[in-house]
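Peer 1: This structure is in structure tokens; I'll ask about it shortly.
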Amino acid sequence: MIEWIITLLASTLRLSTPLTLAAIGGTFSERSGVINIGLEGMILMGAFAAAAVTYYTGNPWTGVVAALLFGGLLASVHALLSITFKANQVVSGVAVNILALGLTTLMMQIIWGNRGASEGVEGLGTWSVPVINDIPVLGPILSNHCPVVYMMLVIVVLAHILLFKTSLGLHIRACGEHPEAADTVGINVCRIRYFCVILSGMLAGLGGSFLSLGQLNVFSQNMSAGRGFIALAAMIFGKWKPFGAFGASLMFAFTDALQMKLQGFGIPFQFVAMIPYVLTILVLAGAVRRAVAPAAIGKPYVKE
Amino acid sequence: MRKIVSDLLYSFFAILLALLLGALLIEATGYSSLSAYAALFRGAFGDSYAIAQTLAKASPLIFTGLCVAFAFRCGLFNIGGEGQLVVGGLAAALTGIYISAPIFIHIPLAILAGMAAGGMWALIPGWLKARFGAHEVITTIMMNYVGILLCSYLVNYPFKAPGWVAQTVFIKESATLPKLIPKTQLSAALLLALLFSFLTYLFLWKTSWGYKIRAVGLNPTSAEYGGINPARVMILSMAISGMLAGLGGVGEVLGVHKRFIDGFSPGYGFDGIAVAVLGRNHPAGAILGALLFGALRAGGMAMDRVTDVPADLVFVIQALVILFVSAPEMFRIIGRLKK
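As given, the protein sequences belong to chains P and U, one line each in that order. Heads up: the first sequence begins at 721 in this note's numbering, then just goes up one per residue. Heads up: the second sequence begins at 27 in this note's numbering, then just goes up one per residue.
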């Protein structure tokens, strides 16, 4: 039984990694006032870039760098469209998702001659953390994970500090709540929004690299499989805060891990898979706990 | 009139630019863009079968395009078309299977069931928006997954036909929409789509409710000063928008598959966003947009079969079209740079 719980919690931490990274990305983007429906595509792009570059170099760390770059690149398309060209942020995000799905499948066909799955690539492997490794119970839960899991944990803390303890964070939040006022005190709203949207793409891309290099070490078509939207849910459930996003991602990942463990126990997976979505609807309705989005979200900023 | 011409011209250039970028992409990957596009064109318009395929693919897209456009006229963003389409399809299938009636009652009944289910699925986010201010973009996305998973459960367990595939049994003959051209996927769903495009136009521009909806879409605050209750109008708009998406599922189930198959929609609901954006949220525009994306879908599959270029190229072109059409500022800014 204890063994069962340990593997359950360890896989919860693992599964939460791409969700947390993308949800924190979404938090930055929305805190600065830009809705990011494109997280799904950015995860997918990151997963693909990580696998493709690793395939050519043989070094998975170059894959991680590629995931950051290409996630950021795709996000800069969203930024360009929705900030500079003032396109509808939701439309632009949807387009980014379709673009990522099309491009990655197309490139798969070209690189591997197969549009279902890539060839196997070198994975990131696992790190066993000294000291923690030897603690009973906690050791097996927290140790021997993919390096991206540990990067994620550090990023949660850094994101919190950046957003709530630095002047840059204050500027970001000001852009999302009251861009006119932010502009008046000399904050460059567009530049802040560009920074946040591109950062969100990089984080989502990093989450994607975990999918392709952290578990099975292949890329497969539409690998993100809706995680971008669950991340969106985690962002809301976490009230647009990094630690909240992490907590919500852990909770959603736990239901996911539990569902995998419970397969064969006669509980239809569909109902367990529904939990994150139903909870998010309840949260937005104020039934569980009230969540209020940044005030200026979704509106392009037009300088007077 | 001038606006329509400039809109059409603008869309035309956006599509051209997207196709051009697509061609560059094909060339960059070492294939011939000319032969790929020739295959795509033949697959979409080459013969009567190809045209029938294009129209068949366009039918559900007209509905989901109308769905997005309708909600948008009220200032709401319904990206839950996918879920509404799927629940609508299942409701129509169950009506087609479990009810016995003569054809002229059975078909309308199945259609109504699909509309009701789709409408219900969109009514919830509409109500949440009106009552709690819950952002409809997020709630409709979440409702998509709830709807798809719920239907998946229903056809995997209670309503599953014998066999390995998660699907229902066939609907009764009396609930089947007739084929317009035999041995193709083109059914009377297309006529239904055209009819509802016209009805949507009449409703939005020729009735007082339509006027109220558009007034709220333009400015909810001033609409309220004008004696309109925005909350009620929003809920109604979402419900009707969901009904339109539900009809898309009805057409697919009663006209094409004759049963509900788990995962039958390859993202028609999401494509509806592209259709509405391209169609400037107007019913006539939705028809044109759906025809373009229907042609791309049908042609893309043919291109995939005859050349080495995967059908997924079509997604890239589609995404580029949305990106270009959604950002008219782009051309304005680029134009300014030249001067």
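Positions of the beta carbon are idealized from the N, C-alpha and C atoms, including for glycine.
State buried or exposed for glutamine 983 of chain P, treating a residue as buried only when at least 16 other CB atoms are found within 10 Å of its CB.
Peer 2: Burial call: exposed.
Peer 1: Using a Cβ-Cβ cut-off of 8 Å, state whether methionine 943 of chain P counts as contacting chain U.
Peer 2: Methionine 943 of chain P does not count as touching chain U.
Peer 1: Flag phenylalanine 67 of chain U as yes if its beta-carbon sits less than 8 Å from any beta-carbon of chain P, otherwise no.
Peer 2: By this cut-off, phenylalanine 67 of chain U is not an interface position.
Peer 1: Looking at the strands, I want to know which residues DSSP matches up with tryptophan 847 of chain P.
Peer 2: Per DSSP, P:His865.
Peer 1: Round the Cβ separation of glycine 934 of chain P and cysteine 866 of chain P to the nearest angstrom and send it over; I've been treating them as touching at under 8 Å.
Peer 2: 4 Å between Cβ atoms; contact.
Peer 1: Measure the Cβ-Cβ separation of aspartate 297 of chain U and threonine 90 of chain U and say whether it is below 8 Å.
Peer 2: In this structure, threonine 90 of chain U lies closer than 8 Å to aspartate 297 of chain U by Cβ.
Peer 1: Could you give the C-beta distance for alanine 953 of chain P and methionine 327 of chain U, rounded to a whole number, given that I count them as a contact under 8 Å?
Peer 2: Wrong, their Cβ atoms sit about 33 Å apart, outside the cutoff.
Peer 1: From threonine 247 of chain U to phenylalanine 229 of chain U, what distance separates their C-alpha atoms?
Peer 2: Each residue's alpha carbon lies about 22 Å from the other.
Peer 1: Using beta-carbon positions only, say whether glutamine 990 of chain P and serine 178 of chain U come within less than 8 Å of one another.
Peer 2: Yes, Cβ-Cβ distance for glutamine 990 of chain P and serine 178 of chain U is below 8 Å.
Peer 1: I want to verify the contact list: residues of chain U whose CB lies under 7 Å from the CB of asparagine 808 of chain P, in sequence order.
Peer 2: Those are Ser352, listed as they occur along chain U.
Peer 1: Listing by chain order, which chain P residues have their CB less than 9 Å from the CB of glutamine 344 of chain U?
Peer 2: Ordered by position in chain P, the residues that pass the 9 Å Cβ test against glutamine 344 of chain U are Ala815, Ile818, Leu819 and Gly822.
Peer 1: Just checking: is the beta-carbon of tyrosine 997 of chain P within a distance shorter than 8 Å of some beta-carbon in chain U?
Peer 2: Output row for tyrosine 997 of chain P: interface = yes.
Peer 1: Run down chain U in chain order and give the residues with a C-beta less than 8 Å from the C-beta of isoleucine 830 of chain P.
Peer 2: Per Cβ cutoff of 8 Å: Thr55 and Gly56.
Peer 1: Return the residues of the region 285-312 of chain U that lie within a Cβ-Cβ distance of less than 7 Å from chain P, sorted by chain order.
Peer 2: Answer set for the region 285-312 of chain U: Phe296, Ile299 and Val303.
Peer 1: In chain order, what are the residue ranges of uninterrupted alpha helix (DSSP H) at least 4 long that sit wholly in the region 182-247 of chain U?
Peer 2: Runs of the alpha helix (DSSP H) inside the region 182-247 of chain U: 215-232 and 234-244.
Peer 1: Threonine 1000 of chain P CB to nearest chain U CB: under 8 Å?
Peer 2: So, interface residue.
Peer 1: Could you compute how far the alpha carbon of methionine 264 of chain U sits from the alpha carbon of isoleucine 30 of chain U?
Peer 2: Taking the straight line from one Cα to the other gives about 27 Å.
Peer 1: For a quick check, are the C-beta atoms of serine 838 of chain P and valine 773 of chain P less than 8 Å apart?
Peer 2: Cβ atoms of serine 838 of chain P and valine 773 of chain P: not closer than 8 Å.
Peer 1: Rounded to the nearest angstrom, what separates threonine 233 of chain U and glycine 253 of chain U at their Cα positions?
Peer 2: If you take the alpha carbons of threonine 233 of chain U and glycine 253 of chain U, they lie about 16 Å apart.
Peer 1: Please go through the same chain and pick out, in chain order, the residues whose beta-carbon is closer than 6 Å to the beta-carbon of proline 860 of chain P, but skip the five residues on each side of it.
Peer 2: Excluding sequence neighbours, proline 860 of chain P sits near Ile726.
Peer 1: Output the distance between the C-alpha atoms of proline 996 of chain P and histidine 880 of chain P, rounded to the nearest integer angstrom.
Peer 2: Computed Cα separation, rounded: 23 Å.
Peer 1: Return the chain-ordered list of same chain residues with a C-beta closer than 6 Å to the C-beta of valine 259 of chain U, the five sequence neighbours on each side being excluded.
Peer 2: Taken in chain order, the residues that qualify are Lys238, Ile239 and Val242.
Peer 1: Starting from the C-beta of glutamine 193 of chain U, find all residues in its chain whose C-beta is less than 7 Å away, skip the five residues before and the five after it, and write them out in chain order.
Peer 2: Only Val181, Ala187, Arg285, Phe286, Ile287 and Asp288 meet the Cβ criterion.
Peer 1: Please confirm if the region 899-914 of chain P is in contact with the region 869-880 of chain P, defined as three or more CB-CB distances below 8 Å between the two stretches.
Peer 2: Because the criterion of three Cβ pairs below 8 Å is not met, the region 899-914 of chain P and the region 869-880 of chain P do not touch.
Peer 1: Straight-line CA distance for alanine 815 of chain P to valine 347 of chain U?
Peer 2: Taking the straight line joining both Cα atoms gives about 9 Å.
Peer 1: Roughly how many angstroms separate the alpha carbons of glycine 274 of chain U and lysine 83 of chain U, rounded to a whole number?
Peer 2: Their Cα atoms are separated by approximately 11 Å.
Peer 1: Considering only C-alpha positions, which residue in the set P:Leu733, P:Tyr870 and P:Met955 is nearest to isoleucine 757 of chain P?
Peer 2: Measuring from the Cα of isoleucine 757 of chain P, the nearest candidate turns out to be P:Met955.
Peer 1: By a C-beta neighbour count over all protein chains shown, 10 Å radius and 16 as the cutoff for buried, is serine 812 of chain P buried or exposed?
Peer 2: Flag for serine 812 of chain P reads buried.
Peer 1: With a Cβ-Cβ cutoff of 8 Å, do isoleucine 830 of chain P and cysteine 910 of chain P count as a contact?
Peer 2: The answer is no: Cβ separation not under 8 Å.
Peer 1: What is the C-beta distance between proline 292 of chain U and leucine 826 of chain P, in whole angstroms, given that I count them as a contact (C-beta under 8 Å)?
Peer 2: That pair is no contact at about 17 Å.
Peer 1: Output the residue ranges of the alpha helix (DSSP H) runs that lie fully inside the region 58-98 of chain U and measure 4 residues or longer, sorted by chain position.
Peer 2: Here the runs fully enclosed are 59-71.
Peer 1: Please identify the residue among U:Ala119, U:Ala302 and U:Leu138 whose C-alpha is closest to the C-alpha of isoleucine 197 of chain U.
Peer 2: Nearest of U:Ala119, U:Ala302 and U:Leu138 to isoleucine 197 of chain U, Cα basis: U:Ala119.
Peer 1: Hey, how far is the Cα of serine 352 of chain U from the Cα of lysine 981 of chain P?
Peer 2: Roughly 44 Å between the two C-alpha positions.
Peer 1: Which residue marks the beginning of the alpha helix (DSSP H) containing cysteine 910 of chain P, and which one marks its end?
Peer 2: From DSSP, the alpha helix (DSSP H) with cysteine 910 of chain P extends over 909-933.
Peer 1: Please confirm whether arginine 835 of chain P has its beta-carbon closer than 8 Å to some beta-carbon of chain U.
Peer 2: So, interface residue.
Peer 1: What's the gap between the Cα of threonine 165 of chain U and the Cα of glycine 173 of chain U?
Peer 2: About 12 Å.
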